[in-house]
Amino acid sequence: MSDYKTLLIERHDAVTLVRLNRPQALNALNTQTLTDLIAAFAVYDADPDQRCLVLTGSDKAFAAGADIKEMEAQGFAEMYAANFFAGWEQVTRTRKPWIAAVSGFALGGGCEVAMMADFIIAADTAKFGQPEIKLGVTPGMGGSQRLAHAIGKAKAMEMCLTGRMMGADEAERAGLVARVVPMADLIAEALKTATVIAAMAPLATIANKEMVNAAFDLPLGQGIAFERRLFHALFGTQDQKEGMAAFVAKRVAEWTGR
Ligand code: HXC
Numbered sequence: 001m002s003d004y005k006t007l008l009i010e011r012h013d014a015v016t017l018v019r020l021n022r023p024q025a026l027n028a029l030n031t032q033t034l035t036d037l038i039a040a041f042a043v044y045d046a047d048p049d050q051r052c053l054v055l056t057g058s059d060k061a062f063a064a065g066a067d068i069k070e071m072e073a074q075g076f077a078e079m080y081a082a083n084f085f086a087g088w089e090q091v092t093r094t095r096k097p098w099i100a101a102v103s104g105f106a107l108g109g110g111c112e113v114a115m116m117a118d119f120i121i122a123a124d125t126a127k128f129g130q131p132e133i134k135l136g137v138t139p140g141m142g143g144s145q146r147l148a149h150a151i152g153k154a155k156a157m158e159m160c161l162t163g164r165m166m167g168a169d170e171a172e173r174a175g176l177v178a179r180v181v182p183m184a185d186l187i188a189e190a191l192k193t194a195t196v197i198a199a200m201a202p203l204a205t206i207a208n209k210e211m212v213n214a215a216f217d218l219p220l221g222q223g224i225a226f227e228r229r230l231f232h233a234l235f236g237t238q239d240q241k242e243g244m245a246a247f248v249a250k251r252v253a254e255w256t257g258r
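Numbering of the sequence shown is given in full-length UniProt numbering, commencing with residue 1 and proceeding in unit increments.
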């Protein structure tokens with residue numbers, strides 16, 4: 001399971017735990033990391049036995065950004081020709097749920113990858129920021145958009161224009177993270193939450209994820225219509241019959257993913 005150069009992967013029953021592992025560079029995201037993550041997420045998405053994924057870094061850094069040393073010498077033509085960073089869209093197309101468990105620095109691309117997750121659980125040590133302005137550039141992996149959606153214009157604009165870091169408590173107040181936990185408990189808490197998600201009906205899980213995400217893409221009326229149609233669709237599944245029968249019979253549901 002460890003053909004990856006920049007990742008460590010563990011399986012905890014139905015939960016895949018992926019650790020970014022470039023400690024010498026505070027998990028800076030280079031092309032190899034992107035290649036590895038695209039492959040790891042594809043393996044996860046295709047494996048019916050894996051139902052939730054947790055992406056994490058080290059205690060010191062979730063990821064300190066895109067790899068500045070790799071980008072430094074590049075020109076417009078190379079960036080444009082390679083459509084640099086477009087590969088991250090494959091990670092965001094993961095259909096099954098995944099959580100970012102963030103301790104330490106989540107800066108630039110690190111913050112942007114955390115925001116690609118379905119939600120973030122943060123250690124009390126977490127520090128989020130978009131410091132690209134200090135390098136003479138901007139976020140390039142969706143950070144300006146996802147941050148503005150997550151925490152509103154005022155804070156997103158302030159963070160992008162000043163490059164300041166936001167601590168875990170402020171991030172929770174602002175709605176950037178779902179929950180803050182002590183650093184020592186981060187992985188256990190993230191795995192516990194992932195295990196809860198992994199035990200739910202698989203098709204309903206994907207449907208819930210699709211409809212919450214639709215809230216960021218669709219006008220309200222279309223989003224509500226999309227929700228209702230997916231809700232209707234689930235009445236064509238065995239798991240809807242099983243879930244409701246189990247409730248009525250006061251027993252635990254046994255999902256088949258059908
Ligand atoms: C490459 C990085 C890196 C990065 C850290 N390192 N961040 N290498 N890319 N993003 C390397 C350092 O060069 C150093 O290597 C080692 O990791 C340890 O980092 P230090 O700076 O010595 O650690 P510390 O003093 O604890 O400071 C931590 C830090 C700082 C505050 C997180 O490293 C930092 O400011 N990093 C850059 C953060 C940043 O600007 N991120 C945004 C990148 S741009 P050596 O070999 O010297 O030991 C981006 C979006 C791209 O993400 C969009 C633009 C197109």
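The C-beta atom is built at its ideal place from N, Cα and C for all residues, glycine as well. Since the model is a prediction, treat every value here as computed from it, not as a measurement.
What is the DSSP secondary structure of residue i, reduced to helix, strand or coil?
i, result
"K127", "strand"
"A63", "strand"
"V54", "strand"
"M258", "Note on identity: in this sequence residue 258 is Arg, with Met being the wrong assignment. Three-state result, R258: coil."
"T6", "coil"
"L218", "coil"
"G163", "coil"
"Q74", "coil"
"N208", "helix"
"K96", "coil"
"T138", "coil"
"N213", "helix"
"T237", "coil"
"D185", "helix"
"G243", "helix"
Run the CB neighbour count on residue i, radius 10 Å, all protein chains shown included, and call it buried at 16 or more, exposed below.
i, result
"V54", "buried"
"E189", "buried"
"D67", "buried"
"G104", "buried"
"G143", "buried"
"P48", "exposed"
"R179", "exposed"
"V113", "buried"
"T239", "Here residue 239 turns out to be Asp, not Thr, going by the sequence shown. The residue in question, D239, is buried, as its Cβ has 16 or more Cβ neighbours within 10 Å."
"E132", "buried"
Going by the DSSP bridge assignment, what does residue i pair with across the sheet?
i, result
"F105", "A61 and K127"
"A122", "V102 and V180"
"R11", "T16"
"L29", "A66"
Say the cut is 7 angstroms; is the CB of residue i nearer than that to a heavy atom of the ligand COA?
i, result
"K250", "The model depicted lacks the ligand COA and carries the ligand HXC instead."
Going by Cα to Cα distance, which pick from the options is closest to residue i?
i, options, result
"G108", "A28, A204, T195 and N21", "A28"
"A101", "S58, G142 and P139", "S58"
"T33", "W88, E158 and A233", "W88"
"V15", "I197, N83, A86 and I121", "I197"
"A63", "A82, D118, R19 and F216", "R19"
"F119", "K96, T138, P131 and G140", "K96"
"H12", "G257, A215, K192 and F231", "K192"
"A61", "L26, I99 and A73", "L26"
"F128", "L147, T138, G257 and E227", "L147"
"F85", "A194, A233, N30 and D124", "N30"
Beta carbon nearer than 6 angstroms to a non-hydrogen atom of the ligand HXC: A25, L26, A28, A64, G65, A66, D67, I68, K69, F105, L107, G108, G109, P131, E132, L135, V137, P139 and G140
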